[in-house]
Every structure is written in structure tokens, then in C-alpha cells.
Amino acid sequence: MDKKLNFFTVATMYIGVIMGAIYQTATSTYYGFSITINNTPMKKTILSIGAIVAFIAGLTDFKKIVAILYPTQGYIGCIILILVAVNFIKIIINKLNNFNCG
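The sequence shown maps to residues 31 to 132 in the working numbering.
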């Protein structure tokens with residue numbers, strides 16, 4: 031009986047830690063979102079809409095979110111990598127042209 035009680039005590043503590051971590055992440059993310067919005071009369075409306083959208087997104091199945099976001103972020107990362115490579119090549123070409131001219 032003592033082992034069973036000990037298991038539930040540890041499980042309850044673990045649940046508390048996980049819930050605290052989720053709350054901390056949500057709070058810090060929402061705070062970061064709120065400070066990026068300028069102080070305008072629409073700020074409260076924008077923050078309210080953002081909170082509602084985040085709540086609805088939180089109710090979505092995790093597998094669906096990962097199935098959408100993971101490939102999307104991969105494609106965006108590939109596009110950014112290509113743009114960085116193109117910019118790097120342009121800089122090298124400019125430096126070579128300036129070196130040959132001067």
C-alpha cells in the first residue's frame with residue numbers, strides 16, 4: 031500500500047510540474063506577443079483575438095499541428111537557406127568585381 035501511495039504522490043507532483051511548465055510557456059509567449067504590439071486603441075482587441083486564437087489552437091490535436099507546422103517550417107527554412115546562399119554569392123561577386131577594378 032505504501033508503494034501505491036508513493037506512486038500517486040510522485041505522479042501528482044509530476045503533473046504539477048508539467049502544468050506549471052505549460053503555464054509558464056504560455057504566459058511568456060503571450061507576454062512576448064503583447065509587447066510587440068504598439069500602444070494603440072486596438073491593442074486590447076488584438077490581444078483578445080490573439081488569446082482566443084491561441085486557445086482554439088491549443089484545443090487542436092497535436093498530431094495535426096505537427097503535421098502542418100513541421101513541413102511548413104522545413105520549406106521556409108529551405109527558402110531562407112537559398113536566399114542566404116544567393117546573398118552570399120552576390121557579396122562575393124561584388125568583392126571580386128571591386129578587387130579587379132581597383
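Just so you know, even glycine gets a beta-carbon here, dropped at the ideal spot from N, CA and C.
Under 9 Å between C-beta atoms of A56 and A97:
The answer is no: Cβ separation not under 9 Å.
I need the DSSP call for P101, collapsed to helix, strand or coil.
If DSSP states are grouped into helix, strand and coil, P101 belongs with the helices.
Hey, which unbroken runs of the alpha helix (DSSP H) at 4 residues or more fall wholly within the segment 37-113?
If you keep only unbroken alpha helix (DSSP H) runs of at least 4 residues inside the segment 37-113, you get 73-89.
If the criterion is Cβ atoms closer than 9 Å, does the pair I76 and A87 meet it?
In this structure, I76 keeps its C-beta atom at 9 Å or more from the C-beta atom of A87.
If the criterion is Cβ atoms closer than 9 Å, does the pair A41 and Y60 meet it?
Here A41 is not near Y60, since their CB atoms are 9 Å or more apart.
Under 8 Å by Cβ, that's how I've got I67 and K73 pegged, so tell me the actual separation to the nearest angstrom.
Indeed they touch by this definition, with Cβ atoms about 5 Å apart.
Ordered along the chain, which non-local residues of its own chain (more than five positions away) have a Cβ less than 8 Å from that of V114?
A distance below 8 Å between beta-carbons, with the five flanking residues on each side excluded, links V114 to no residue of its chain.
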